[in-house]
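Counting along the sequence shown from 1, when you hit position 78 you're at 78 in full-length UniProt numbering, and nothing is skipped either side. For each residue, glycine too, the CB sits at the ideal point set by N, CA and C. Since the model is a prediction, treat every value here as computed from it, not as a measurement.
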Amino acid sequence: MNCPPASVSSTLSWNTFLSRTSVSTLTCAAFSEHQNQSVHGLEDVIRAVGSLHLRRYVYEDLAREEILGEGETYLVEKAVQGGNVVAIKHLKISSPPDEKAFRRRLTAVTVEAQIMRHSPLRVHPNLPTVIGYGWNVWGELIIPFLIVEYAPLGTLREHIQKFQPPLPDVEILLGDVASALAALHVCGIVHGDIKLDNVLVFPSWDRPAKALAKLTDFGHALILNDNSKKYDDEAVKYGGTAIYNAPEVSTQDVFPIDRTEVWKCDIWAFGVLVWEACIGGEEYIKYLAKSGDVVDTSGKGSGISAAEMLRHAKLCLPTGQLGTAIFLRIVLHKTIQEDPSKRAASMRDLTLFTRWNNGNLFGLEADLALHFEVPTPTYEISN
């Protein structure tokens, strides 16, 4: 869908303009139908990524350093190019080669680049920047890679475990994640794998937390275009990581998740992310096991009910205190619910998001990013 160029009358303040162009009805933010296409081979990836006007990097020109981590789709490596530190996201190759998995990962590369370059998202303060792309030869295969900004402070899990920030600072970083997820949902994108490991942390010395969080890794993303009716009967399958998935995900093969409800799976996972952030970045399964609770440590799920998870999550926060602790308890109550209808209707309904959005300039920038390609307002003084 084409968005008309944004213009704001000089008689309108930024806040007035935003109130008159409600994000909840911002149709031009949505992914267009042609952006959500399947990928059948490397040529499709190169064609799709090349159309995003990204710089192409020659693999041999990158001075590779340490391995930063890996997930289902990528192996991530630190590198230096032209004096700049970047991160290379290499597409993973199965051994032995699995053509179905390879095609799925090729699609993930394309979707990831398209999401980060989507106009309303590419200037969002809490989503990472894709810098370029390229390819490398592995045996007889040509393997694409993405170049993204490097996060000096690591993942949110690593940051919390290493620096043990106070709860008010944790709340700020969680607000960053909430802002990013809310923006994705406005654009018709379900993230599909919300967890601390998929949030990167960058220095931001002018903030109380001295850090800024950005939601990353869109390999499991689902693109749901509300303007397209031809997918109404198509089953929607949520991917994610088993221990962070909502209860309905485990039964989706028998009871498919309604397209209008799949957002609630992200909201559940966000609640578990909040819980783990409040227990020092530890995986909640290990946290419960150390407490003597009987849990499933196989990685297939928690093995306890949603009600028990919520009870334990609330217990990790101090009681009898106003401010951060009580607001985080409200977030937990509105996210870790077995019944999707009892979860928050959207990320923007969570007190964590509204407190963050109203409390700093990044909140204004995040909303403006959905309307403009340059979210930071500039000013002119006329005589």
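Per-residue DSSP class, three states only, for residue i
i, result
"N136", "strand"
"I304", "coil"
"residue 387", "Residue 387 lies beyond the stretch modelled for the chain, which goes from 1 to 383, so this question has no answer here."
"A332", "Per the sequence shown, the amino acid found at residue 332 is Leu instead of Ala. Three-state DSSP puts L332 in a helix."
"F218", "coil"
"P168", "helix"
"E276", "helix"
"L317", "coil"
"I189", "strand"
"A344", "coil"
"E33", "At E33, the pLDDT of 44 sits below 50, so the modelled position is not reliable; the number obtained from the coordinates is stated separately. Three-state DSSP puts E33 in a helix."
"Y74", "strand"
"V249", "helix"
"V262", "coil"
"R311", "helix"
"residue 385", "Given a span of 1 to 383 for the chain in the structure shown, any question on residue 385 remains unanswerable."
"G271", "helix"
"Q337", "coil"
"L350", "coil"
"R207", "coil"
"K100", "helix"
"T162", "First, the amino acid is wrong: residue 162 is Lys here, not Thr. The answer is helix: DSSP assigns K162 an H, G or I state."
"L184", "helix"
"S355", "Correcting the residue type first, residue 355 is Arg in the shown sequence and not Ser. R355: helix per DSSP, three-state reduction."
"I115", "helix"
"I243", "helix"
Residues that residue i bridges to, as DSSP identifies them
i, result
"V109", "Answer is none; V109 lacks a bridge partner."
"T155", "L200"
"I143", "N136"
"V148", "A87, V130"
"Y59", "Note: Y59 sits in no beta bridge, so no partner."
"L212", "F202"
"I326", "For I326, which the question treats as bridged, DSSP gives no partner whatsoever."
"V254", "Per DSSP, none; premise fails for V254."
"I223", "I189"
"V236", "I257"
Buried/exposed call for residue i, threshold 16 Cβ in 10 Å
i, result
"P128", "buried"
"Q321", "exposed"
"A180", "buried"
"F255", "exposed"
"A182", "buried"
"L224", "buried"
"V85", "exposed"
"K195", "buried"
"S24", "Its pLDDT being 37, under 50, S24 is placed unreliably in this model, and the value from its coordinates should be taken loosely. It is exposed - the Cβ of S24 has fewer than 16 other Cβ atoms within 10 Å."
"residue 401", "Outside the displayed range of the chain (1 to 383) lies residue 401, so it cannot be described from this structure."
"H53", "exposed"
"D197", "buried"
"T110", "buried"
"L328", "buried"
"L141", "exposed"
"E248", "buried"
"K300", "exposed"
"T324", "buried"
"G50", "exposed"
"E99", "exposed"
"residue 386", "Any question about residue 386 goes unanswered here, given that the chain covers just 1 to 383."
"E112", "buried"
Limits of the unbroken beta strand (DSSP E) element including residue i
i, result
"G69", "63-70"
Residue i: first and last residue of the uninterrupted alpha helix (DSSP H) it sits in
i, result
"G50", "42-50"
"L288", "284-290"
Cβ-heavy atom distance, residue i to the ligand MN, below 8 angstroms
i, result
"A289", "Because no ligand of any kind appears in the structure shown, any question about the ligand MN cannot be addressed here."
Any chain D beta carbon closer than 9 angstroms to residue i
i, result
"G192", "The question asks about chain D, but that chain is absent: this structure has only one protein chain."
Can we say the stretch 117-133 touches the stretch 155-174, given the rule of at least three CB pairs closer than 8 angstroms?
no
Check whether the stretch 284-297 touches the stretch 260-269, counting contact only when three or more Cβ pairs, one atom from each stretch, lie closer than 8 angstroms.
no
So, does the stretch 125-144 touch the stretch 82-92, judging by three or more C-beta pairs under 8 angstroms?
yes
Please confirm if the stretch 143-158 is in contact with the stretch 269-282, defined as three or more CB-CB distances below 8 angstroms between the two stretches.
yes
Between the stretch 54-74 and the stretch 215-224, do three or more beta carbon pairs fall short of 8 angstroms?
yes
Is the number of C-beta pairs between the stretch 327-336 and the stretch 302-313 that are closer than 8 angstroms three or more?
yes
Would you call the stretch 199-212 and the stretch 167-178 touching, i.e. three or more CB-CB distances under 8 angstroms?
yes
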